[in-house]
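S.K.:
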Amino acid sequence: MSKALGMRCVWGLCGVLASVLLFASVTQAEVSTDLSGTVLVFPKVVWTGTDPGGRDTVISISNTSNQLVHAHCFYVNAQRTPQGVSLWQVTDFSIWLTRQQPTHWVASQGRFVNPFDSCFGSIYSSGTANGYASDADLCDGAGLDPGAIPPVPPGFTGELKCVQVDASGIPFGGNNLKGEAVIRRTDGDVSKYNAIALLATDLVSDDNVLRLDNPLRNDDEGEVNSCPNSLFLDHFLDGTPDPVVSSLNSGECELGDCPVRTVLTLIPCTEDFENLIPGRVTVQFAITNEFEEPFSASTTVDCWLTTRLADIDAPTGACTVSGAPCVSDAQCINAAAGFCAKNSVFSLGTMGSSTAFTRITPAADAGGVLGVAEEIHYNNAANGAWASWNLQQEGTRFDATLEQYGEPTVDTITIPQQF
Amino acid sequence: MSTKMGFWRWALAGAAVVMISGTASARLINDPPSVTTNESSGIVVYPKIVTDPVNGVDTIVQLTNTSEFLTRVHCLYVNANSHCSNAPSRICTQANFRSVCPLGGLCVQGWQETDFRLTLTKRQPISWSVNEGLPTLPLNDIPGQADQFNDGSIPTAPEQPFLGELRCIQVDVASELPTDRNDLKGEATVITSQGAFMDASKYNAIGIPAIEGAQDGNPNSLNLGGPEAEYRGCPNILTLNHFFDGANVVTHNHTVVGRVSSDLTLVPCAADYLTQVPQDATVQFLIFNEFEQRFSTSTKLTCYKDTPLSDIDTRPGPDGDVYSIFAVGVQGSLTGMSRLRAVAGPDTDGYNGRAILGILEENWASGVCATSGAGSGSATGVGLTLCSSDADCGGATCSNPGGGTSLVSTTAANIQYQGTREQGDRIQISIP
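So the protein sequences, as listed, match chains L and F. Each number in the numbering used here corresponds to the 1-based position in the first sequence with 27 added. Each number in the numbering used here corresponds to the 1-based position in the second sequence with 7 added.
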């Protein structure tokens, strides 16, 4: 290679480097549900079947930039086997989004590439042709297909994670992805939450490991913002009669039997999709009721955890009407025996107030966790309405462990290497 | 010359390679932090508070002191009900005033403030029904762990039915002047209970964090962003993922189908509780569908706006909604992303940003057509067709299987944002 050509290559690389540095910059040093990010985490994705009460998830993702965005997504199936072991099976796929493009798909159905999808019918396919059940199905796929997205298997309960990558599949810290998930029940009841975005700095390396080690606001010292040190959860205490049913529609809350339940979903921040090693974190709960009384509990997040709050420290209870022993509301509801009341530090009977404030903090020098909460508001007839919301946060694991142990705990997300 | 030209030519070529090769780029600036729904803050805003006891609707507000210190809070309800110009006791909307108001009457937007104060002890959460208020706080009469008491009470909603917003501002315990602490977090849950039907939607209050040590000497005026910021500024652009109105969403492995529409609630970031002057803003919308096609529209916001998306560019009410650029039939794809930008006012003192905050509420069909049921098949070929009106049932009746009048299930979501703006906004409050 001649010297002149060599110099041209050097200047060219300078241009590439300058462009990357110019266009990728971090904004805030926490995970966020307000901003777009480089890693999108949907902690709760479910497809539990078509029986009454079955739930399915609609995923929406948008590219908030004016450039083409590539992302590599991972479904993690944490469905429990009959032996109580989590499957932790990973299915991955790639999506491409043009500038400012939104897209969506349904977990149970996936989204296949078909340029003839249309909301206005098609000369090529209509009615039940081409495997589609209806025009609504055809319209569902209308738009620029983001790539082939596989359906999840029936019974899927787990998470979805999407990592922004460049055209070659290497993680790229563009911070251009935002997303939402709607969980819909067969009778139309819905709950929606924002995907959690992990923001990257311009220091993302060109390997397959994302280090969640950016410590402080706007310091841009690490690759990706560290996970929160504590998650904040405001919640109704388990078994609290729904205040609206009991006051405005008391006939549907006889004997105060119209409970509110809170279901918490947590996932470890560290995940290794290359070696299929799930994360495991023990978390401590510090609970304060309306009388400022403190309580505590703990549990372990092994790969993925979704639990009714009262189940954390009270595995069994009794049906409110029959008094029969139970482990879940479903047992009592199916037997027309009321609801499954438990003696837990998350229960109304223990705490004595309607709501509580819970701080969730990983134990010792463990890595961080992310999560989302859902409430189900029951009436006497056991008709329940779900509502989900994002958890709030305080601090970062990087800073907290550095301060406490002198060595920071760094979570990592490892995606499969290209081959 | 040739060396310099060579440098620029090859450097630009290199940059072009990055652009063309498909890597992404959006953030040209290091966005300064703005409002948050992730952290506790000095001001929390609940954009949508509704009660309608006759129809079994109420909002449960949760407010928590996340700190270990006694905290005082100054809260302000804003009643945004509209009333008939010729019958002030009648509540109306722009969609129904022709039938609600006496002949010749117009529907006048309201903006009335009711404020209250309370204290929260160490890490204390409280909750209350907006319909019922909270005459006695949990630690009014007995002390908490640190011998601290609650002080104050929470009034009931000033009018029934009620539509409006709630803001709570952290103030100093002794002086009751605004403080630079960030200890408040909150949530609102809108619950509907009609017959055996239940519905619930929940969102996080939007926090506006105070900047440590930035409180100026004017406690009446809270500067959000801008040249003399005491609190973080409000967002420059709101980014909103939504289904287009009327989108027929198929789920459950092609066995359940039903339409969805959305309501948008917007409030100005600025508020003048001192002289009771409602704030306004013009909001520009850019809407992208799944074909990357771009549409735009705009609307006026005077103190409070709660509107179906389709009514932003068509007349209020269902008439003409199918011609809206927010209608699925116009867009041809089920989902879109809208970017909302409130137009800043003339820059006189750096505080005419006219930024906005908001939440989105989706209404998913949950009624059942008289002719369809699970597994019975329907005109669409899908197992169960959920309806939100008779029109969805091809002439049959759409009804709520639980016996209520509501034919939709709702879910709320916080709206995301990008960046902040140079000009700030001000909240003017009265000091006791």
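Virtual Cβ for every residue (Gly too), placed ideally from N, Cα, C.
Quick one: does the C-beta of Asn-157 (chain F) sit closer than 6 Å to a heavy atom of the ligand COA?
M.R.: In the structure on display, the ligand COA does not appear, and there are no ligands present to speak of.
S.K.: Taking CB distances under 7 Å as the criterion, tell me whether Leu-275 (chain L) reaches chain F.
M.R.: Mapped onto the first sequence, residue 275 (chain L) falls at position 248. Leu-275 (chain L) counts as touching chain F.
S.K.: When the Cα atoms are used, what is the spatial distance from Val-263 (chain F) to Ala-254 (chain F)?
M.R.: Mapped onto the second sequence, residue 263 (chain F) falls at position 256. Mapped onto the second sequence, residue 254 (chain F) falls at position 247. Near 13 Å, if we compare the C-alpha coordinates of Ala-254 (chain F) and Val-263 (chain F).
S.K.: Could you say which of F:Val-197, F:Thr-196, F:Pro-185 lies nearest to Pro-216 (chain F) if we only look at CA atoms?
M.R.: The residue given as residue 216 (chain F) occupies position 209 in the second sequence. Checked all of F:Val-197, F:Thr-196, F:Pro-185; the closest Cα to Pro-216 (chain F) is F:Pro-185.
S.K.: Name, please, each residue of chain L whose Cβ falls closer than 8 Å to the Cβ of Val-335 (chain F).
M.R.: The residue given as residue 335 (chain F) occupies position 328 in the second sequence. Under the 8 Å cutoff, chain L gives Cys-146, Cys-166.
S.K.: Would you kindly work out how many angstroms separate the C-alpha atoms of Ser-106 (chain F) and Cys-367 (chain L), rounded to a whole number?
M.R.: Position 99 of the second sequence, counting from 1, holds the residue named residue 106 (chain F). Position 340 of the first sequence, counting from 1, holds the residue named residue 367 (chain L). One C-alpha to the other measures close to 48 Å.
S.K.: Val-96 (chain L) and Arg-82 (chain L): beta carbons closer than 7 Å?
M.R.: For the purposes of this step, residue 96 (chain L) is taken as the residue at position 69 of the first sequence. For the purposes of this step, residue 82 (chain L) is taken as the residue at position 55 of the first sequence. Result no, Cβ atoms of Val-96 (chain L) and Arg-82 (chain L) do not sit closer than 7 Å.
S.K.: Could you tell me which chain L residues have their CB closer than 8 Å to the CB of Phe-204 (chain F), listed as they occur along the chain?
M.R.: Here residue 204 (chain F) refers to the residue found at position 197 when the second sequence is read from its first residue. Going along chain L in sequence order, the residues near Phe-204 (chain F) (Cβ under 8 Å) are Asn-410.
S.K.: Output, in chain order, the set of chain L residues within a Cβ distance shorter than 7 Å of Lys-55 (chain F).
M.R.: By 1-based counting over the second sequence, the position of residue 55 (chain F) is 48. Neighbours of Lys-55 (chain F) on chain L: none; closest Cβ ~14 Å, over 7 Å.
S.K.: At a Cβ cut of 8 Å, what residues of the region 400 to 414 of chain F count as close to chain L, listed as they run along the chain?
M.R.: So the close ones are Pro-408, Gly-409.
S.K.: From what residue to what residue does the alpha helix (DSSP H) around Gly-214 (chain F) run?
M.R.: Walking along the second sequence from the start, residue 214 (chain F) turns up at place 207. Per DSSP, Gly-214 (chain F) belongs to no alpha helix (DSSP H); it is in the beta strand (DSSP E), 213 to 215.
S.K.: Can you round the beta-carbon distance between Thr-427 (chain F) and Gly-112 (chain F) to whole angstroms, since I take them to be within the 8 Å contact cut?
M.R.: Here the question's residue 427 (chain F) lines up with position 420 in the second sequence. Here the question's residue 112 (chain F) lines up with position 105 in the second sequence. Incorrect: roughly 41 Å between the Cβ atoms, too far for contact.
S.K.: If you reduce the DSSP assignment to three classes, tell me which class Glu-298 (chain L) lands in.
M.R.: Counting from one through the first sequence, the residue named residue 298 (chain L) turns up at place 271. DSSP places Glu-298 (chain L) in strand when its eight states are reduced to three.
S.K.: List the DSSP bridge partners of Thr-327 (chain L).
M.R.: The residue labelled residue 327 (chain L) in the question sits at position 300 within the first sequence. Paired residue(s): L:Thr-309.
S.K.: Could you tell me how far apart the beta carbons of Gln-133 (chain F) and Thr-272 (chain F) are, in whole angstroms, since I believe they sit closer than 8 Å?
M.R.: To locate residue 133 (chain F), count along the second sequence from 1; it is residue 126. To locate residue 272 (chain F), count along the second sequence from 1; it is residue 265. Checking the displayed sequence, the identity of residue 133 (chain F) turns out to be Ile instead of Gln. Going by Cβ atoms, the distance from Ile-133 (chain F) to Thr-272 (chain F) rounds to 24 Å, so no, they are not a contact pair.
S.K.: Can you give me the start and stop residues for the alpha helix (DSSP H) that Gln-152 (chain F) sits inside?
M.R.: Taking the second sequence and counting its residues from 1, one reaches residue 152 (chain F) at position 145. Here Gln-152 (chain F) belongs to no alpha helix (DSSP H), and DSSP marks it neither H nor E.
S.K.: Can a CB atom of chain L be found closer than 7 Å to the CB of Leu-393 (chain F)?
M.R.: Indexing the second sequence from 1 puts residue 393 (chain F) at position 386. Leu-393 (chain F) counts as touching chain L.
S.K.: For Thr-428 (chain L), report the span of its beta strand (DSSP E) as first-last.
M.R.: Residue numbering aside, residue 428 (chain L) sits at position 401 when the first sequence is read from its first letter. Run containing Thr-428 (chain L): none in the beta strand (DSSP E); it sits in the alpha helix (DSSP H), 424 to 432.
S.K.: Near Ala-414 (chain L), which residues of its chain fall below 6 Å by C-beta distance, leaving aside the five closest residues on each side in sequence?
M.R.: Within the first sequence, numbered from 1, the residue matching residue 414 (chain L) stands at position 387. Answer for Ala-414 (chain L): Ser-218, Glu-402, listed in chain order.
S.K.: For Ser-396 (chain F), which residues does DSSP report across the bridge?
M.R.: One-based indexing of the second sequence puts residue 396 (chain F) at position 389. Ser-396 (chain F) is not bridged to any residue.
S.K.: Let me check understanding here. Comparing Cα to Cα, which of F:Glu-429, F:Lys-209, F:Arg-239, F:Asn-157 lies closest to Leu-141 (chain F)?
M.R.: Looking up residue 141 (chain F) in the second sequence gives position 134. Residue F:Asn-157 is the option with its Cα nearest to Leu-141 (chain F).
S.K.: Exposed or buried, Glu-429 (chain F), counting other C-beta atoms within 10 Å across all chains shown (16 or more means buried)?
M.R.: As a working mapping, residue 429 (chain F) is identified with position 422 in the second sequence. Glu-429 (chain F) comes out exposed.
S.K.: Return the chain-ordered ranges of every beta strand (DSSP E) run that is complete within the region 280 to 350 of chain F and spans a minimum of 3 residues.
M.R.: You should have 287 to 296, 301 to 309, 312 to 315, 342 to 349.
S.K.: Distance cutoff 7 Å, beta carbons only. Does Leu-171 (chain L) sit that close to anything in chain F?
M.R.: Translated into the one-based positions of the first sequence, residue 171 (chain L) becomes position 144. Yes, contact with chain F.
S.K.: Since Leu-282 (chain L) is in the beta strand (DSSP E), which residue starts that stretch and which ends it?
M.R.: Reading the first sequence from its first residue, position 255 is the one you call residue 282 (chain L). Neither: Leu-282 (chain L) is in no beta strand (DSSP E) and is coded neither H nor E.
S.K.: Among L:Gly-137, L:Tyr-220, L:Ser-257, L:Ile-122, which has the Cα closest to the Cα of Ser-195 (chain L)?
M.R.: One-based indexing of the first sequence puts residue 195 (chain L) at position 168. Per the Cα distances, L:Ile-122.
S.K.: If you scan the region 357 to 384 of chain L from start to end, which runs of the alpha helix (DSSP H) of 4 or more residues do you find wholly inside it?
M.R.: Within the region 357 to 384 of chain L, the complete alpha helix (DSSP H) runs of at least 4 residues are 375 to 378.
S.K.: Along chain L, which residues have their Cβ under 9 Å away from the Cβ of Gln-177 (chain F)?
M.R.: For the purposes of this step, residue 177 (chain F) is taken as the residue at position 170 of the second sequence. Correct list: empty, because the minimum Cβ distance to chain L is about 16 Å.
S.K.: Tell me which same chain residues have a C-beta within less than 6 Å of the C-beta of Thr-418 (chain F), skipping the five on either side of it?
M.R.: What you label residue 418 (chain F) is simply residue 411 of the second sequence in a count that begins at 1. Closer than 6 Å at the Cβ level, and outside the excluded window around Thr-418 (chain F), lie Ser-208, Glu-369.
S.K.: Hey, quick one: how far does the alpha helix (DSSP H) through Gly-54 (chain F) stretch, first residue to last?
M.R.: Counting from 1 along the second sequence, the entry for residue 54 (chain F) is found at position 47. Note on identity: in this sequence residue 54 (chain F) is Pro, with Gly being the wrong assignment. Looking at the DSSP string, Pro-54 (chain F) is not in any alpha helix (DSSP H); the run it does join, the beta strand (DSSP E), is 50 to 58.
S.K.: Between the C-alpha atoms of Phe-373 (chain L) and Ile-314 (chain L), what's the straight-line distance to the nearest angstrom?
M.R.: For the purposes of this step, residue 373 (chain L) is taken as the residue at position 346 of the first sequence. For the purposes of this step, residue 314 (chain L) is taken as the residue at position 287 of the first sequence. Going by the C-alpha atoms only, they are around 8 Å apart.
S.K.: Taking C-beta pairs closer than 7 Å, name the residues in chain L that Thr-262 (chain F) reaches, listed in chain order.
M.R.: Within the second sequence, residue 262 (chain F) is the residue found at index 255, counting from 1. Near Thr-262 (chain F) (Cβ distances below 7 Å), the residues of chain L are Thr-77.
S.K.: Can you pull the chain F residues whose beta carbon is under 8 Å from the beta carbon of Asn-406 (chain L), in chain order?
M.R.: Start at 1 with the first residue of the first sequence, and residue 406 (chain L) comes out as number 379. Those within 8 Å of Asn-406 (chain L) in chain F are Ser-200, Ala-203, Met-205.
S.K.: Taking the straight line between their C-alpha atoms, what separation do you get for Cys-346 (chain L) and Gly-266 (chain L)?
M.R.: Counting from one through the first sequence, the residue named residue 346 (chain L) turns up at place 319. Counting from one through the first sequence, the residue named residue 266 (chain L) turns up at place 239. Whole-angstrom Cα-Cα distance: 12 Å.
S.K.: Which residues in the same chain have their Cβ closer than 8 Å to the Cβ of Thr-77 (chain L), if we skip the five residues on either side of it in sequence?
M.R.: Your numbering for residue 77 (chain L) matches position 50 in the first sequence. Closer than 8 Å at Cβ, skipping near neighbours: Thr-213.
S.K.: If you measure beta-carbon to beta-carbon, which residues of the region 359 to 393 of chain L are closer than 7 Å to chain F?
M.R.: Per Cβ criterion, the list reads Ser-380, Ser-381, Thr-382, Ala-383, Phe-384.
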